[in-house]
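Trainee: If you scroll down you'll find the structure; I have some questions about it.
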Amino acid sequence: MDVATTAAQLSQAQALQTSQQLALAAVKDAAAQQQAVVQLVTGNVQSAPPPGVGTVIDVTA
Numbered sequence: 173m174d175v176a177t178t179a180a181q182l183s184q185a186q187a188l189q190t191s192q193q194l195a196l197a198a199v200k201d202a203a204a205q206q207q208a209v210v211q212l213v214t215g216n217v218q219s220a221p222p223p224g225v226g227t228v229i230d231v232t233a
């Protein structure tokens, strides 16, 4: 195995590692967003006032 082949394989491995790290970060971000939505929804359900009382919550923002 020559130096060029070794360098190319190392570069490819580093690129793959970077890609995996980015994918992991994306998964963690998605999980955090999902958890935030769950907390928002369950919080709103648990603390909902009786019908006709309170304010409208805009969840489109």
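Oh and the sequence shown: position 38 is 210 in the numbering used here, straight run, nothing missing.
The C-beta atom is built at its ideal place from N, Cα and C for all residues, glycine as well.
Computed from a predicted structure; not experimentally measured.
Three-state secondary structure (DSSP) at Asp201?
Mentor: Helix, per DSSP.
Trainee: At the level of alpha carbons, what is the spacing between Leu194 and Thr214?
Mentor: Approximately 30 angstroms between the Cα atoms of the pair.
Trainee: Could you tell me the alpha carbon to alpha carbon distance between Ala179 and Gln192, rounded to whole angstroms?
Mentor: For Ala179 and Gln192, the distance between alpha carbons rounds to 20 angstroms.
Trainee: When you compare only the Cα positions, how much space is there between Gln206 and Val175?
Mentor: Using only the alpha carbons, I get a separation of about 46 angstroms.
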